[in-house]
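Some notes on the structure that comes next.
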Amino acid sequence: MSEHPSSALFSSSPDQGESYLARLNPEQRAAIETTDGPLLVLAGAGTGKTRVLTTRFAHILLTERAKPWQILAVTFTNKAAKEMRERVSLLLGSPAEGLWLGTFHALCARMLRRHADYVGLSSSFTILDTDDQLRLLKQVMTPWQIDTKRWPAPGILGVIQRWKDRGLTPERVTDAEDSDFADGHVRAIYTAYQARLIQLNACDFGDLMLHVTEILRTRPDVLAQYHRLFRYILVDEYQDTNTIQYLWLRLLALRPGEPSNICCVGDDDQSIYSWRGAEVGNILRFEKDFPGAQIVRLERNYRSTRHILGAAAGLIAHNDERLGKTLRSGRDDASGEKVLVVGVGDSDEEARDVCGMAQKMRAEGHSLSEMAILVRAGFQTRAFEEKLVQSGVPYRIVGGVRFYERAEIRDALAYMRVLNQPSDDLAFERILNTPKRGMGPAGVQKLHAAARSRHIPLTAATQALLAEKELKGKTGDLVRALMTALDTTRDILAREGHVVAVEHLLEESGYLAMWQADTSPEAPGRLENLKELVRALADFGTLGEFLEHVALVMEHDENAGDARISLMTLHGAKGLEFDIVFLPGWEEGVFPSQRTLDEGGLKGLEEERRLAYVGITRARKHALIFHAARRRIYANWQPSMPSRFLEELPDEHVIRHEARDTLHRALRSADSVFAGGAPLVARRRRDPLAEQAASFQLGDRVRHPRFGEGIIVAANHHHVDVAFENEDGIKHLQSTFLEKL
DNA sequence: GAGTTTCCATTTTTT
DNA sequence: ATGGAAACTC
């Protein structure tokens with residue numbers, strides 16, 4: 003970015019004025035300068051997609067084709083939206099404000115607040131999280147007496163969401179569609195669920211898209227208004243769009259008598275979200291959908307070495323349904339290491355070797371922040387975590403339980419929601435008995451009944467029942483205390499602002515006391531999280547703004563700082579890149595996943611292969627693939643076969659170490675682990691761990707890379723117990739990571 | 001209404 | 001193995 007001094011952008015001289023285009027290759031330039039008419043940019047991994055997107059945005063503005071608010075720019079994640087905003091600001095040399103730039107959902111929320119009345123909502127509608135959705139659905143579906151063993155509520159919610167993804171309002175669901183699930187009652191449940199949402203003045207995520215699309219479909223005046231407004235549309239990750247997103251884009255893009263200036267950027271080879279409604283078909287059909295569309299292919303990769311690209315290309319070539327695109331190295335010097343494929347005995351060895359190699363690489367001068375372990379499924383992370391902790395390698399898990407999804411955060415948010423909007427029944431229901439106030443399911447039922455018969459929200463019903471002495475005794479006192487706390491907090495909110503008010507409410511309601519009294523080991527962390535939440539609150543002007551942000555941006559920057567190796571799923575790694583990427587678990591059944599194969603057949607296999615392609619292309623310098631002969635799944639060991647994807651990697655780009663002996667020799671030697679090629683000697687292996695452990699004795703002083711110095715207090719053949727000077731309690735460790743003093 | 005026990009499933013995830 | 005949710009008891 004620094005290569006473009008922003009001052010040049012505002013020069014009137016044509017030469018200088020186009021300096022932001024100077025360092026682009028011809029395809030990138032074409033993608034940016036083809037401003038009018040539909041354009042599909044097929045951007046392979048690492049071909050400068052984000053740069054093209056942001057430069058195109060700036061180009062449209064700088065050539066005065068449109069004002070900032072006349073461009074609609076859509077991304078999938080908040081992270082992508084944020085990055086785009088920052089980079090556009092940088093190109094323009096001033097903060098990019100007043101733009102229609104955001105995620106599909108954030109943009110739809112903004113539109114829906116303007117036209118909420120067309121679908122029976124008021125513009126202050128609440129956006130529900132998954133928790134609320136599920137609780138609401140469970141309430142709504144009771145009359146149907148669904149066998150929740152066979153058809154669990156999350157499954158039904160999934161069906162409804164999938165319908166919403168496809169733009170199907172309840173009326174549009176056909177009989178045939180409905181009959182597949184829960185004895186054909188889902189459409190009826192869906193209808194009731196939607197009605198209840200409207201009653202609550204609430205939306206789920208799907209509704210944001212569905213309602214707005216419905217408005218655009220049925221209100222020509224509203225549609226025309228947006229047609230006049232948006233002259234240019236930019237879409238990121240087009241291969242991930244689902245049907246409703248496609249319909250929404252199409253409605254906005256197809257302007258009568260005007261060109262469709264829609265530019266979609268995507269990569270069909272990186273489509274990995276079909277299981278949640280994404281339609282690869284959208285990108286494959288682009289030319290048909292938007293007549294006169296031009297296509298630009300970005301195939302010059304500036305990220306990875308020649309071998310990494312070769313391996314990835316060889317793999318993805320096995321897919322049939324492709325638009326066709328070949329990644330070429332954009333660099334002349336690109337030689338680099340071959341992709342390393344390592345076969346190990348079992349999943350424990352795999353974790354140990356990955357960990358050991360990460361340490362070796364670190365010793366060779368690579369930062370941990372430039373390394374990642376990418377797994378197929380979440381359950382694989384545990385083994386790696388264990389080994390990383392034992393060996394003292396700092397790591398971070400990406401995509402675990404996120405900040406705003408933690409129980410204590412959701413509770414606190416529910417308190418804020420009730421404060422913000424007393425009619426938010428779902429939030430009220432959540433806080434009513436948290437902490438315990440003697441309100442169980444029966445009590446809640448009573449409140450619901452009262453609220454329904456009087457057509458008032460739950461909070462009002464509660465007040466009424468308290469006044470009428472219908473709620474009394476200990477329960478009544480506790481509930482009254484909650485209502486009083488809410489009332490006094492409203493005064494404080496008006497006088498002293500939202501931060502003080504929220505602090506007061508959490509204190510007075512007894513919510514903080516609940517965690518303070520909690521003796522479980524997580525309690526202090528939860529209190530810490532609550533503090534962090536209050537801190538974040540201060541960044542917003544009002545409670546309402548904060549809640550809107552939280553509903554749409556379910557992420558929160560936490561301790562980014564220091565160098566750690568990243569541990570995440572392949573899905574989570576999309577869009578990221580690292581110098582060194584470890585890819586464990588390449589075994590039949592794990593990767594490709596058996597379940598995907600069973601459910602998705604050949605299409606499923608192709609998606610898994612794309613996932614593998616995404617994994618390999620995350621690596622800039624080194625890609626290391628592992629497979630184990632046995633894997634521990636839950637309790638027991640299961641034999642596993644190498645993944646078919648391994649055979650699909652072209653030999654000229656790969657080194658294969660099919661036994662761990664050579665690998666260990668390489669790990670210990672000063673040579674790079676990639677030097678390889680040493681002939682394997684199949685010799686009976688002694689147990690090196692047992693040998694090492696035996697050399698430790700009770701009372702020995704030892705040093706651990708993470709925990710420091712300590713004394714051995716117990717030892718058996720594989721593990722030792724150590725009391726460290728600077729750590730509480732006794733640590734049970736594998737002796738491999740200890741150094742005898 | 002709350003605490004205890006048993007049973008069950010267990011890919012991928014954003015908004 | 002493990003955690004989460006439904007079922008069961010006090």
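When we follow my numbering, the leftmost residue of the first sequence carries the number 3, and every step to the right adds one.
By construction, the Cβ of each residue, glycine as well, lies at the ideal position given by its N, Cα and C atoms.
From a predicted model like this one, the values you see are computed outputs, not experimental measurements.
query, result
"Among all the DSSP beta bridges, which residues are the ones paired with F580?", "A621"
"Could you check if E470 belongs to the surroundings of the ligand SAM, using beta carbon to heavy atom distance under 7 Å?", "By its list of ligands, the structure shown contains no ligand whatsoever, and the ligand SAM lies outside what it can speak to."
"Report the CB separation of L103 from R89 in whole angstroms; it is logged as a contact under 8 Å.", "Rounded, the Cβ-Cβ distance is 11 Å, inconsistent with contact."
"If you check the beta carbons only, do E352 and P40 fall under 8 Å apart?", "no"
"Quick one: grab the DSSP three-state call for G712.", "strand"
"Identify whether F207 lies in helix, strand or coil by the three-state DSSP scheme.", "helix"
"I think P644 touches H659, with their Cβ atoms under 8 Å apart; what is that distance to the nearest whole Å?", "Not confirmed; about 12 Å, so no contact."
"Between which two residues does the beta strand (DSSP E) holding N638 run?", "638-641"
"Per DSSP, what kind of secondary structure is H655 in: helix, strand or coil?", "helix"
"Can you tell me the Cα-Cα spacing of D348 and P641, whole angstroms?", "9 Å"
"Answer yes or no: do H107 and F207 have a C-beta to C-beta separation smaller than 8 Å?", "yes"
"Can you tell me whether DSSP reads M418 as helix, strand or coil?", "helix"
"Please report the distance separating the alpha-carbon of E99 from that of W71.", "9 Å"
"How about A614 and I310: are their beta carbons less than 8 Å apart?", "no"
"Residue ranges of each alpha helix (DSSP H) run of no fewer than 4 residues wholly in the stretch 210-241, ordered along the chain?", "222-231"
"Check the C-beta distance from T37 over to I62 and give it rounded, since I have them as a contact under 8 Å.", "6 Å"
"Going straight from the alpha carbon of L578 to that of R219, what length do you get?", "37 Å"
"Between L254 and I274, is the Cβ-Cβ spacing less than 8 Å?", "no"
"Measuring CA to CA, which of A452, V377, M485 is closest to K576?", "V377"
"Taking Cβ positions, are E590 and R632 nearer each other than 8 Å?", "no"
"Going by DSSP, what residue range makes up the beta strand (DSSP E) through Q296?", "296-300"
"If I measure Cβ to Cβ from Q241 and keep anything under 8 Å in the same chain, skipping five residues before and after, which residues do I get?", "G268, D269, D270, Q272, S273, A280, V282, N284, I285"
"I'd like to know whether the C-beta atoms of L249 and G169 end up nearer to each other than 8 Å.", "yes"
"In terms of residues, what are the limits of the beta strand (DSSP E) holding M143?", "Premise fails: M143 lies in the alpha helix (DSSP H), 132-143, not in any beta strand (DSSP E)."
"Going by beta-carbon coordinates alone, are F1 and N203 separated by less than 8 Å?", "Look at the range of the chain in this structure, 3 to 743, and you will see that residue 1 is not part of it."
"Can the beta-carbon of V237 be found closer than 8 Å to that of V54?", "no"
"Skipping 5 residues on each side, what residues in its chain have a beta carbon closer than 8 Å to that of F78?", "T105, F106, D238, E239, D242"
"Just how far apart, CA to CA, sit A360 and K476?", "58 Å"
"I713 to T521, Cα distance in whole Å?", "29 Å"
"Contact check, L130 vs C205 under 8 Å by CB: the rounded distance?", "7 Å"
"Thinking R744 and V142 are a contact (beta carbons under 8 Å), I'd like their distance in whole angstroms, please.", "The structure shown does not extend to residue 744, since the chain is modelled only from 3 through 743, so no value can be given for it."
"Rounded to a whole number of angstroms, what is the C-alpha to C-alpha distance between L212 and M113?", "12 Å"
"Applying the 10 Å Cβ sphere with the 16-neighbour rule, what's the burial state of T176?", "exposed"
"Can you tell me the Cα-Cα spacing of Q296 and D167, whole angstroms?", "27 Å"
"Quick check on the burial criterion: 16 or more other C-beta atoms within 10 angstroms. Buried or exposed for K51?", "buried"
"For the putative contact between L535 and I411, defined by C-beta atoms under 8 Å, what is the C-beta separation to the nearest angstrom?", "6 Å"
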